[in-house]
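Written below as structure tokens is the structure these notes are about.
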Amino acid sequence: MHCRGLTFILLISFFIFALAPFVLTQTAQNENGIHPEETYFGQASPRLVEPVDNAKRITLTGNVHRLARIEFDRGAAPLALPMDRMLLVLKRSPEQQAELQKLLDDQQDKNSPRYRQWLTPEQFGQQFGLANSDTQKITSWLQAQGFHDVRVSKGRTVIEFSGTAAQVQDALGTSIRKFVVTGKQHWANATDPTIPAALWPGVEGVFTLHNFYKKPQVHLAEEQFSAKVVPGARPQFTSSGGAHALTPADFYTIYNFNPLGSGLTKIAIVGRSNINTQDVLYFHYWMYDQATSYQVIVNGPDPGNLGGAEELEAVLDTTWAGAVAPSAWLALVVSQSTATTDGVDLSELYIIDNNLADVMSESFGSCEANFTSAEAAGVASLAQQAAAQGITYVVATGDSGSAGCDNPNTQTSATHGLSVNLLASTPYTVAVGGTIFNENGHDSTYWRSTNAQPTLESAISYIPENAWNQSCASGQSGCSKPNIWAGGGGASKFFAKPPWQAGVAGIPSDSARHVPDVSLTAASHDPYLLCIRGSCVPDANGNIFFVGVGGTSASAPTFAGIMALVGNKTLVRLGQPDYVLYRLAAAENLAQCNASGQTPPASTCVFNDVTVGNNAVPGETNYGTSGATYQTGKGYDQATGLGSVNVTNLINQWNTVTFSPTTTTFSISPATAVHGAPLNVGGNVTPNSGTGTPSGPVWLTQNGYPQGNLVGDSTADVFTLDAQGSYAGVSHVLPGGTYQVYAHYAGDGTYAGSDSSPTVQVTIQPEQTTTTFSVLTTDAGGNLVPFTRGPYGTPVDFQAHVS
11 MHCRGLTFIL LISFFIFALA PFVLTQTAQN ENGIHPEETY FGQASPRLVE PVDNAKRITL
71 TGNVHRLARI EFDRGAAPLA LPMDRMLLVL KRSPEQQAEL QKLLDDQQDK NSPRYRQWLT
131 PEQFGQQFGL ANSDTQKITS WLQAQGFHDV RVSKGRTVIE FSGTAAQVQD ALGTSIRKFV
191 VTGKQHWANA TDPTIPAALW PGVEGVFTLH NFYKKPQVHL AEEQFSAKVV PGARPQFTSS
251 GGAHALTPAD FYTIYNFNPL GSGLTKIAIV GRSNINTQDV LYFHYWMYDQ ATSYQVIVNG
311 PDPGNLGGAE ELEAVLDTTW AGAVAPSAWL ALVVSQSTAT TDGVDLSELY IIDNNLADVM
371 SESFGSCEAN FTSAEAAGVA SLAQQAAAQG ITYVVATGDS GSAGCDNPNT QTSATHGLSV
431 NLLASTPYTV AVGGTIFNEN GHDSTYWRST NAQPTLESAI SYIPENAWNQ SCASGQSGCS
491 KPNIWAGGGG ASKFFAKPPW QAGVAGIPSD SARHVPDVSL TAASHDPYLL CIRGSCVPDA
551 NGNIFFVGVG GTSASAPTFA GIMALVGNKT LVRLGQPDYV LYRLAAAENL AQCNASGQTP
611 PASTCVFNDV TVGNNAVPGE TNYGTSGATY QTGKGYDQAT GLGSVNVTNL INQWNTVTFS
671 PTTTTFSISP ATAVHGAPLN VGGNVTPNSG TGTPSGPVWL TQNGYPQGNL VGDSTADVFT
731 LDAQGSYAGV SHVLPGGTYQ VYAHYAGDGT YAGSDSSPTV QVTIQPEQTT TTFSVLTTDA
791 GGNLVPFTRG PYGTPVDFQA HVS
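Below, the structure written as structure tokens:
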């Protein structure tokens, strides 16, 4: 008899993870922008305790792109195809994930000693990454498979490595194949990859093994705006179609701010195309005779100027982030895409892992359905790292309305249902949507007929705003290009509602993360002016011209500039600002802040509350009716979020935000139980003074580390407060041992977080297990069947089941 090997259907190992105690470190001196302050961090314990055996493997499910389908398959990729700069996403333990979430909450809580105590990338990796011995084990395995240029990120969030399609096939157990979709060639893995089982406790998967890249969200207007250079004056521009357009001074007037001031804050733009630097420099020169301070950082090979929407996106984001915050330091980070990795992801990683800037802006996107499991985990992990480092991460929600999977450049009707841009929908990013100005036929009330000197300003005051939606049914009167252009928004299917998304009228009473958070003008109706491909360099006759652009690609970098101005005022990094944005909105008198009527919002409003319109597009169920999703309304809505902002009020009120203290109670019974047995958990959260009811989740916490997984995982040990501020439920996930447990309330848009006291001691005893063993062989059809007897040399499988 020949033993073919041991095949374990289920191998259960129970790991108890422990983090070293927190120690106080010296102030982290970060050369970039606003300095982080002193912080607490600890050491990670090793988790990869088994020897690496390539024969014992685990499949990483959910990691084939949805378009890598058999009908698009055109055969195997060349074995020598370069697969450069792949990103292996590393996995945090449940304890690390929970402690990280608590840190993010504490960093935004004025009552916490960890308030605004931002980490450096190295400190983040030390506390929330794998142990050094674990990363060494993974890198050694990668190198043993023939991969080269293996590098662990400073934050220990990913490992970068390069190789060929043949090496990927051998090491990861999946083939790379050619797919042709709508006439475009792509490379992608056809099956889920596998890795040695010993590495699985520390590995989520490969960020991407395909080149279905994210899309820029820029919208080019039909009008061009020409001007003639006149000595001693700014150029007066005119529209080819009679439209109004935004100069920086118009933006300042409409959203009420003066951008002048010292440049303390640094902004980084995510890009994957180089640009003509003259386009940015000449724009700033013609608009206010001031050269902006910016640079292009090429991360790896220079992709060059890719032209088209890629170039337009990079120029737009760089130009207008700098236009809103002209004194800020500004960098466009450019990374070349490879056959397996999007340059957008590489630029994100570079900015975050080098702690490059205080504010980071990204205008690319893809709907949640397009993301593999590892890619979604990688996006969330990088965004968490950014937040912990104090980086404000701003992302455009997209330009196809509520139908995030459809393409507004080519489609006049949506076909893929409701979805949102995953990059914007994480709880660690600020999602920026779009509005459209509604002069209601009274253009002269809001716009001058000429541009003022020397600012080129033509806007007179704030202009009423509706939800941005320029879509219409095909053939409808007045629709020359009836594409599905509208501001992205809706409910996430990946991420649960964060505690701070509460306290404002209109927020849906479900468990999903909703986007956008805020909005700014995005319509080509009144486009942003832009210089492109040397258009603002005067010709022999002194003629120049600007193009008009829109889309949430314009909203995101302008809001990034606004956040840079807030940083200039506060003199500290802000991290994830949604904690403060929603608290400010909760304090608004919404009746006075309506932005969609002919009476402007009150001068005291922080948010211009958009109450007219929707982001529904043709093809959607109930399109054209009041039931179409998503409608605007008082307070928060999924078409425009909290609305646009009065920038001066936002800056001046930022540090006024306080959260009302709370008290959390907690009970658990029985205190002694067998592992896996149900434990009844309950308690309530009440304000320390006044009336009102806290809302949001409560975590069951053990020795400082909440049990279960991140919010969003249905198996997490998280309980939700009811309308009376109480919570109750059953826990099954406490590990074995005797230790102290308590409840942690993270807070919401009004109330501060709190921990129950005193702690409660529990004892979780081992449960009984049953092990069964069987000997199997294969029948003629390749199916496993019980083996009873056979000639010498018959291959058999040994299977063990542990339950």
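Each residue of the sequence shown is one higher than the one before, counting from 11 in the numbering used here.
Glycine included, C-beta positions come from ideal geometry on N, C-alpha and C.
*Report the option in ILE572, VAL795 and GLY560 whose CA atom is closest to the CA atom of LEU270.*
Counting from one through the sequence shown, the residue named residue 270 turns up at place 260. Among ILE572, VAL795 and GLY560, the Cα nearest to that of LEU270 is on ILE572.
*Look at ILE148 and LEU100 and say whether their C-beta atoms are less than 9 Å apart.*
As a first step, residue 148 is located in the sequence shown; it is residue number 138 there, counting from the start. As a first step, residue 100 is located in the sequence shown; it is residue number 90 there, counting from the start. Result yes, Cβ atoms of ILE148 and LEU100 sit closer than 9 Å.
*Please state whether DSSP places ILE194 in a helix, a strand or coil.*
Reading the sequence shown from its first residue, position 184 is the one you call residue 194. In the sequence under discussion, the amino acid at residue 194 is Lys, which differs from the Ile named in the question. It is a strand residue.
_C-beta contact flag for ARG282 and SER357 at 9 Å_ = Here residue 282 refers to the residue found at position 272 when the sequence shown is read from its first residue. Here residue 357 refers to the residue found at position 347 when the sequence shown is read from its first residue. Result yes, Cβ atoms of ARG282 and SER357 sit closer than 9 Å.
*asked:* So the candidates are VAL795, ALA434 and GLY623; which of them puts its Cα closest to the Cα of GLY634?
replied: Here residue 634 is taken as the residue at index 624 of the sequence shown, counted from 1. Closest by alpha carbon: GLY623.
*Going by Cα to Cα distance, which pick from ALA341, PHE267 and ILE205 is closest to THR287?*
The sequence position of residue 287 within the sequence shown is 277, counting from 1. Considering only alpha carbons, the answer is ALA341.
*Can the beta-carbon of VAL528 be found less than 9 Å from the beta-carbon of VAL590?*
Taking the first residue of the sequence shown as 1, we reach residue 528 at position 518. Taking the first residue of the sequence shown as 1, we reach residue 590 at position 580. No. Outside cutoff.
*Along the chain, where does the beta strand (DSSP E) that runs through GLU233 open and close?*
Along the sequence shown, read from residue 1 onward, the residue named residue 233 stands at position 223. Its beta strand (DSSP E) spans residues 229-238.
_For a test of the three-state rule: what should DSSP assign to TRP210, helix, strand or coil?_
Within the sequence shown, residue 210 is the residue found at index 200, counting from 1. Reduced to three states, the DSSP call for TRP210 is helix.
*Specify the secondary structure class of LYS579 as computed by DSSP and reduced to three states.*
Here the question's residue 579 lines up with position 569 in the sequence shown. The answer is helix: DSSP assigns LYS579 an H, G or I state.
*Under 8 Å Cβ to Cβ from THR769, same chain only, skipping five residues before and after it: list those, please.*
For the purposes of this step, residue 769 is taken as residue 759 along the sequence shown, with counting starting at 1. Cβ neighbours of THR769 beyond the five flanking positions: GLN750, VAL751 and TYR752.
*Top-ranked residue by Cα proximity to HIS75, from LEU114, ALA198 and GLY193*: For the purposes of this step, residue 75 is identified with residue 65 of the sequence shown, where counting begins at 1. Out of LEU114, ALA198 and GLY193, ALA198 has the C-alpha closest to the C-alpha of HIS75.
*Report the three-state DSSP secondary structure of LYS101 (helix, strand or coil).*
In the sequence shown, the residue the question calls residue 101 occupies position 91. Coil, per DSSP.
*Distance, Cα to Cα, LEU322 vs TYR472?*
Walking along the sequence shown from the start, residue 322 turns up at place 312. Walking along the sequence shown from the start, residue 472 turns up at place 462. Roughly 28 Å between the two C-alpha positions.
*List the endpoints of the continuous beta strand (DSSP E) containing HIS524.*
Along the sequence shown, read from residue 1 onward, the residue named residue 524 stands at position 514. Start and end: 522-525.
*Where GLY497 and GLN778 are concerned, what is the direct C-alpha to C-alpha distance, given to the nearest angstrom?*
One-based indexing of the sequence shown puts residue 497 at position 487. One-based indexing of the sequence shown puts residue 778 at position 768. About 55 Å.
_Can you give me the C-alpha to C-alpha distance between PRO697 and THR672, rounded to a whole angstrom?_
By 1-based counting over the sequence shown, the position of residue 697 is 687. By 1-based counting over the sequence shown, the position of residue 672 is 662. Each residue's Cα considered, the two are about 4 Å apart.
*asked:* For the beta strand (DSSP E) containing PHE504, name the first residue and the last one.
replied: Numbered from 1 along the sequence shown, position 494 holds the residue referred to as residue 504. Segment 500-506, the beta strand (DSSP E) holding PHE504.
_Rounded to whole angstroms, what is the Cα-Cα separation between PRO509 and ILE277?_
The count along the sequence shown starts at 1 and reaches residue 509 at position 499. The count along the sequence shown starts at 1 and reaches residue 277 at position 267. Each residue's alpha carbon lies about 27 Å from the other.
*Is it buried or exposed for LEU29, if we count other Cβ within 10 angstroms and need 16 for buried?*
Numbered from its first residue, the sequence shown carries residue 29 at position 19. Confidence is the limiting factor: at LEU29 the pLDDT is only 31, short of 50, which leaves the residue's position unreliable and the question unanswerable from this model.
*Let me know if ALA237 comes out buried or exposed under the rule of 16 or more other beta-carbons within 10 Å of its beta-carbon.*
Start at 1 with the first residue of the sequence shown, and residue 237 comes out as number 227. ALA237 comes out buried.
_So, with DSSP's three-state summary, where would you put VAL616?_
Locating residue 616 in the sequence shown gives position 606, where the first residue counts as 1. In this structure, VAL616 counts as coil in the three-state DSSP scheme.
*CB SER376 to CB VAL627, shorter than 9 Å?*
Stepping through the sequence shown from its first residue, residue 376 is reached at position 366. Stepping through the sequence shown from its first residue, residue 627 is reached at position 617. No; because the gap between Cβ atoms is not below 9 Å, this pair is not in contact.
_In chain order, each beta strand (DSSP E) run of at least 3 residues that lies wholly inside the region 366-424_ = 369-372 and 402-406
*Considering VAL430, what are the terminal residues of the beta strand (DSSP E) in which it resides?*
Counting from one through the sequence shown, the residue named residue 430 turns up at place 420. Looking at the DSSP string, VAL430 is not in any beta strand (DSSP E), and its letter there is neither H nor E.
_Rounded separation between PRO707 and GLY693 - CA only_ = Position 697 of the sequence shown holds residue 707. Position 683 of the sequence shown holds residue 693. Using only the alpha carbons, I get a separation of about 12 Å.
_Among PRO537, GLY165, LEU660 and TRP128, whose alpha-carbon lies nearest the alpha-carbon of PHE138?_
Sequence index remark: in the sequence shown, residue 138 carries index 128 (1-based). For PHE138, the nearest C-alpha among the options comes from GLY165.
*Helix, strand or coil for ASP115, going by three-state DSSP, please let me know.*
Along the sequence shown, one-based indexing puts residue 115 at 105. In the structure shown, ASP115 sits in a helix (DSSP, three-state: H, G or I).
*Using DSSP with H/G/I as helix, E/B as strand and the rest coil, what is TRP339?*
The count along the sequence shown starts at 1 and reaches residue 339 at position 329. Reduced to three states, the DSSP call for TRP339 is strand.
*What did DSSP end up calling GLN246 once you bin it into helix, strand or coil?*
Translated into positions along the sequence shown, residue 246 becomes position 236. Looking at GLN246 - three-state DSSP - the assignment turns out to be coil, as it is neither helix nor strand.
*Leaving out five residues before and five after PHE27 in sequence, what residues of the same chain have Cβ atoms less than 7 Å from its Cβ?*
Against the sequence shown, residue 27 aligns to sequence position 17. In this prediction, PHE27 scores a pLDDT of 32, lower than 50, which makes its location untrustworthy; the coordinate-derived value is nonetheless stated afterwards. Once the five neighbours on either side are set aside, the close Cβ partners of PHE27 are SER55, ARG57, SER103 and GLU105.
*Buried or exposed by the 16-neighbour rule on C-beta atoms within 10 Å, applied to GLY402*: Start at 1 with the first residue of the sequence shown, and residue 402 comes out as number 392. Residue 402 is actually Thr in this sequence, not Gly. Buried, because 16 or more other Cβ atoms sit within 10 Å of the Cβ of THR402.
_On the CB-based measure, 16 or more other CB atoms within 10 Å of its CB, does ALA550 come out buried or exposed?_
Within the sequence shown, the letter at position 540 stands for residue 550. Label assigned to ALA550: exposed.
_Own chain, CB closer than 8 Å to ASP202, minus 5 neighbours either side, in chain order_ = For the purposes of this step, residue 202 is identified with residue 192 of the sequence shown, where counting begins at 1. The residues are THR69, LEU70, THR71, GLY72, ASN73, VAL74 and THR184.
*Looking only at C-alpha atoms, which of ALA324, ARG458 and LEU530 sits nearest to LEU540?*
As a working mapping, residue 540 is identified with position 530 in the sequence shown. Cα-wise, what sits closest to LEU540 is ALA324.
*Reference PRO313; option with closest CA among GLY353, TYR304 and TYR298*: Here the question's residue 313 lines up with position 303 in the sequence shown. Measuring from the Cα of PRO313, the nearest candidate turns out to be GLY353.
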